[in-house]
Structure formats: structure tokens, C-alpha cells
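Worksheet: one structure, shown below.
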Amino acid sequence: AELAGALTGTGTAPADASGPESGTGALPWAVPGTGSGDYPDGVLRVGLTEPGGEPVPTERTAGEILGLLGLAVPPGADQDELSEMVREALAVRRLVLLLDDAADAEQVDPLLPENPDCLVVAVATGPLTGIPDVRPCTIGGLEAGAAVQLLARAIGQVRITVDPRTAESLSEECGGQPAALALVGGWLAAHPMASVADVTKQLHELPDSGEQQPTGARPLARALRLVHDSLPQAAARILRLLALAPAGLADAHTASALAGCSVSAAQSTLDDFVRLGLLRTDGAAHPQYGIPGCLAPML
Numbered sequence: 151a152e153l154a155g156a157l158t159g160t161g162t163a164p165a166d167a168s169g170p171e172s173g174t175g176a177l178p179w180a181v182p183g184t185g186s187g188d189y190p191d192g193v194l195r196v197g198l199t200e201p202g203g204e205p206v207p208t209e210r211t212a213g214e215i216l217g218l219l220g221l222a223v224p225p226g227a228d229q230d231e232l233s234e235m236v237r238e239a240l241a242v243r244r245l246v247l248l249l250d251d252a253a254d255a256e257q258v259d260p261l262l263p264e265n266p267d268c269l270v271v272a273v274a275t276g277p278l279t280g281i282p283d284v285r286p287c288t289i290g291g292l293e294a295g296a297a298v299q300l301l302a303r304a305i306g307q308v309r310i311t312v313d314p315r316t317a318e319s320l321s322e323e324c325g326g327q328p329a330a331l332a333l334v335g336g337w338l339a340a341h342p343m344a345s346v347a348d349v350t351k352q353l354h355e356l357p358d359s360g361e362q363q364p365t366g367a368r369p370l371a372r373a374l375r376l377v378h379d380s381l382p383q384a385a386a387r388i389l390r391l392l393a394l395a396p397a398g399l400a401d402a403h404t405a406s407a408l409a410g411c412s413v414s415a416a417q418s419t420l421d422d423f424v425r426l427g428l429l430r431t432d433g434a435a436h437p438q439y440g441i442p443g444c445l446a447p448m449l
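Encoded structure:
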């Protein structure tokens, strides 16, 4: 609700969405209008932090955005030129630009278009100061109704309707966190014979890992453990190896080389990971896959 309120109104200043405990894997679902005609050109997601924690240079971010838009990056173009190209491209589109894991305002400000029909959402662990008219909000757990709706999108309304109270209990076990709900929803979708009560019981009975964790991180850690422990050994190995991929991104050929399997097997495994909420993809013709920032430290 707070995120929805922050995104109302006009203008291109970003909503500064902070809250490390919620994860961002399901954030576009929470952005108003992404599922309707408000933003017909879709959602672009770009990560602004390397897997090792270093900020991504702005010129590389700009080049990635241009690539997602199907635009060529001129050889030798510098940060200012590429940022200007991004602003010009976004000025004639109606889309949501999700800038994930922003380290500071300097990564965000050069990319903001002067277009009231283009929405920019910058996700950070703290406030992004120095950007005019930013609308900050803190992302916490979803309310029960919204959390159950997110589960229903993954597994279908019928499995929710059978036992709505247990679905609410499951959302509570997930702390209302979108990333945890996405993982559990993906697991349930992959196990159609399992009931919502089954997975709720399994999550509740999972012991803590023994590592020192903030209380807010436990639901996501348990959801990840549930999904990871259900993977075949070869698939679990591929997932762990993806953390070693250059720039945190991999395609089927990279995953094949890392895991020592065929390209077709790697592609099938990567697609399974996306359905389980373990990876996200840019959706390009030759897609790149990456581990969400909230999951990478846990792998």
C-alpha cells in the first residue's frame, strides 16, 4: 500500500523503495499498472550492484538499458552520451524502469527521462538523497490479502480456495515477503500434488541454518532452503556455480560451461529456475539469467 501511494501522481522522479528484508524478485507485481495498459511498453529491470557488492558503472547500466530496448550502443560512447541516449529513448515510451540495488543517487539521476508517462522505481537499502521530488517508501511485508493473491498468481486460485485460512498462514510463514512468496509459489507450482498445508508445515518445521541472521531474513532463508533442498543434485550444483558467472549473469552457454552439461540441458534447468523464483531473466531473444540480489548472499 505504501509503495502504491508513493507511485501515484505524475512526473518522472523515481519512487525510492527501500527495504532489504522484502527482496525485489516480485516487486514489479506490486507496481501499479504494470499488469494493465498504464505501461504498455512493459517493465525493464536493471541491477546496479555487482554480485561482489561494487556499484555498476553508469555507462554500463545505460548500455544494458539500450540493449534491452533493442538499440545499438555506439562504440567508444562515454557515460554522458549513453545516458542521453537512454533519456531520449525513454522519452517516447510508456514503461516501468526498475533500477534494482541502487548504491547512491549518482547511479540513478543520469538515467531519469523527462517523461510523465515513464515510471522509474529505484530500489535501495537506504534513502537516495539528492534527487528532486523523489517519493520515498519503505517496502515491508505484504498484507495478508495481497500475499495470498501473489501466491494465487503462481499456483492458481483453486488451490487457494480449497483452504484460504492455510494460505494466509503460509503467507505469515513467509513474512509477507514477495521474494519468499515467489519461491514458495514456484515450488508449489512445480509440485501440483502438494497442498498449501503441506508446504506451510514444512516451512514451519525447518530449523534455522545455525548462521547468525536478522529475524527478518529468516522467512526468505527458509523458503530458499525448501526450494534448494528439493532440487536434483546436478541442478543444485548449477545454481551454486551461477554465482561465479561474470557480472553475475549467465546464458545457457555459460551455464553449460560452468556445469559441464549440454547447452540444451543447461537451458532447461535455467528455465526451471526462473519458474521456481531462483533466477530472473531479461526476456531477450537470447536471454541472460541472474540470481536476485536478495538470494545471492544465501547461496
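For the sequence shown, this note's numbering assigns the number 151 to the initial residue and increments by one for each residue that follows. The C-beta atom is built at its ideal place from N, Cα and C for all residues, glycine as well. Every value quoted in this text rests on a predicted model; they were computed, and no experiment measured them.
Tell me the rounded alpha-carbon separation between residue i and residue j.
i, j, result
"A339", "P263", "38 Å"
"P442", "L353", "21 Å"
"D401", "P437", "6 Å"
"G427", "L194", "17 Å"
"V369", "A227", "Checking the displayed sequence, the identity of residue 369 turns out to be Pro instead of Val. Using only the alpha carbons, I get a separation of about 44 Å."
"G326", "P224", "44 Å"
"L233", "P260", "At residue 233 the sequence reads Ser, which differs from the Leu that was named. So the two alpha carbons sit approximately 6 Å from each other."
"A253", "L219", "24 Å"
"C324", "R244", "33 Å"
"G185", "A296", "In this predicted model, G185 has a pLDDT of only 48, less than 50, meaning its place in the structure is not dependable; the value taken from the coordinates is given anyway. Between G185 and A296, the C-alpha separation is close to 15 Å."
"A344", "S418", "23 Å"
"R387", "D267", "43 Å"
"L408", "E355", "34 Å"
"L240", "P382", "42 Å"
"V308", "A385", "30 Å"
"E204", "T316", "41 Å"
"E238", "D230", "12 Å"
"H380", "A367", "Just to set this straight, residue 380 is Ser in the shown sequence, not His. Each residue's alpha carbon lies about 20 Å from the other."
"A395", "H341", "29 Å"
"N265", "L331", "33 Å"
"L392", "Y439", "9 Å"
"T288", "E322", "19 Å"
"P357", "G410", "33 Å"
"G291", "M235", "37 Å"
"T404", "E200", "18 Å"
"A282", "Y189", "Strictly speaking, residue 282 in this sequence is Pro, with Ala absent from that position. Distance between the alpha carbons of P282 and Y189: 23 Å."
"G335", "I305", "6 Å"
"L372", "A435", "According to the sequence displayed, residue 372 carries Arg and not Leu. For R372 and A435, the distance between alpha carbons rounds to 33 Å."
Within a Cβ cutoff of 7 Å, which residues of the same chain sit near residue i, ignoring the five residues on either side of it in sequence?
i, result
"S406", "S412, V413, A416"
"E318", "A294, V298"
"P374", "As written in the sequence, residue 374 is Leu, which differs from the Pro given in the question. Excluding sequence neighbours, L374 sits near L333, L445, M448."
"D191", "R243, R244, L245"
"R390", "L449"
"L198", "P205, V206, T211, L249, D250, D251, A252, A253, Q257"
"D432", "L218, Q438"
Pop quiz: residue i and residue j are said to be a contact at Cβ under 8 Å. What is the actual Cβ separation, rounded to whole angstroms?
i, j, result
"L300", "V270", "Incorrect: roughly 23 Å between the Cβ atoms, too far for contact."
"V196", "E209", "That pair is no contact at about 13 Å."
"V346", "D313", "6 Å"
Excluding sequence positions up to five away, which residues of its chain have a Cβ less than 6 Å from the Cβ of residue i?
i, result
"A302", "I310"
"G280", "A255"
"L377", "The displayed chain sequence assigns Val, not Leu, to residue 377. Closer than 6 Å at Cβ, skipping near neighbours: L333, W337, L426."
"F423", "L429"
"L320", "V346, T350"
"D421", "none"
Among residues of its own chain, excluding the 5 on either side of residue i, which ones have a beta-carbon nearer than 8 Å to its beta-carbon?
i, result
"A222", "L216"
Quick one: is the Cβ of residue i within less than 7 Å of any heavy atom of the ligand ATP?
i, result
"A344", "As for the ligand ATP, it is missing from this structure, which has no ligand bound."
Whole alpha helix (DSSP H) elements within the region 238-321, 4-residue minimum:
255-258, 294-305, 307-311
At 4 residues or longer, and completely inside the region 337-361: list those alpha helix (DSSP H) runs for me, N to C.
346-355
If you scan the region 370-422 from start to end, which runs of the alpha helix (DSSP H) of 4 or more residues do you find wholly inside it?
The alpha helix (DSSP H) runs lying completely inside the region 370-422 and spanning 4 residues or more are 383-392, 402-409, given in chain order.
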